[in-house]
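*Asks:*
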Amino acid sequence: MLEVVVSGLVTGWAIAIPIGAVGAFLVALTARTSFRVGACAALGIATVDGVYAALAVVAGAALSTLLEPVATPLRIVSGVVLLVIAALTAAHAIATQGRPRAASPVGALRAYAMFVGITAVNPATVVYFAAVVLGNRHLVSSALEGCVFVLAAFVASASWQLALAGGGAALGRVATGQRGHLVTGLVSAVVIAGLAVHTMLP
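Everything in the sequence shown is counted per our numbering, starting at 46 for the first residue and increasing by one.
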């Protein structure tokens, strides 16, 4: 069973630790809001990783084949939504420049849902988990082992994403002034726009 736990942790960290656009977005969002909001966003990412790990355990090969035809439409829709979010983020940062810092336009539940959506439209995640599971069937040969693998993958992903959120919160405390609020808002908008472009590219 220890081998299953280690495999799940390593698999979860392997997909979570490379900081791509989603990780950068998480840091920027937390810097502009709070650790509570960032933590919920982080758990949104980890939730999808856990669900995809579970799907890979149950039906890895079939799911990979099923997702392939809709990969492009998912990328385009996600990219358009992210471009809208980027524009709104920049507009809010500019509109509130020089004012006392207002309440965050992104709440904890909204952040969680947003990051679930952003992460879920990346079919590469489930394909990655499916490849690991299919190549190591001996590790998940029973229902208990499968559950342990999925839980370990979720814990690994959550631990890293929460660490990123913590870094974003620390950055936010440094940039608490009006100019810092504007800069982090515009940087966040640029990061989101970059994520949108990256998402839409094949």
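Backbone N, C-alpha and C define an ideal beta-carbon position, used for all residues, glycine too.
Report all residues from its chain with a CB closer than 8 Å to the CB of Gly152; omit the five preceding and five following residues, and keep chain order.
*Replies:* Once the five neighbours on either side are set aside, the close Cβ partners of Gly152 are Val82.
*Asks:* Considering only their Cβ atoms, is the gap separating Val72 from Gly162 smaller than 8 Å?
*Replies:* Not closer than 8 Å, so no.
*Asks:* Assuming contact is defined by CB atoms lying nearer than 8 Å, are Ala203 and Ala91 in contact in what I supplied?
*Replies:* Yes. Within cutoff.
*Asks:* Below 8 Å between beta carbons: does that hold for Ala197 and Gly68?
*Replies:* In this structure, Gly68 does not lie closer than 8 Å to Ala197 by Cβ.
*Asks:* Kindly indicate the opening and closing residues of the alpha helix (DSSP H) around Thr164.
*Replies:* Its alpha helix (DSSP H) spans residues 153-165.
*Asks:* For Thr117, does the count of other Cβ atoms within 10 angstroms reach 16, so buried, or fall short, so exposed?
*Replies:* Classification of Thr117: exposed, given that the 10 Å Cβ count is below 16.
*Asks:* Quick check: what's the CA-CA separation for Ala148 versus Phe194?
*Replies:* Below a pLDDT of 50, predicted positions are generally treated as unreliable, and Ala148, at 49, falls in that range; the measurement from the model is reported next regardless. Their backbone Cα atoms lie some 39 Å apart in a straight line.
*Asks:* Roughly how many angstroms lie between the CA atoms of Glu190 and Ala104, to the nearest whole one?
*Replies:* Cα to Cα, Glu190 sits roughly 15 Å from Ala104.
*Asks:* Counting C-beta neighbours from all protein chains within 10 Å, is the total for Ala140 16 or more, i.e. buried, or is it exposed?
*Replies:* The residue in question, Ala140, is exposed, as its Cβ has fewer than 16 Cβ neighbours within 10 Å.
*Asks:* Taking the alpha-carbon of Arg77 as reference, which of Ala238, Met245, Leu227, Val235 has the nearest alpha-carbon?
*Replies:* Considering only alpha carbons, the answer is Leu227.
*Asks:* Using only the alpha-carbon positions, how far apart do Cys85 and Ala165 sit?
*Replies:* Spanning the two alpha carbons is a distance of roughly 15 Å.
*Asks:* Output needed for Val93: all residues of its chain with C-beta closer than 6 Å, excluding positions within five of it in sequence on either side, in chain order.
*Replies:* Counting only Cβ-Cβ distances below 6 Å, and skipping sequence neighbours, we find Val161, Thr164, Ala165.
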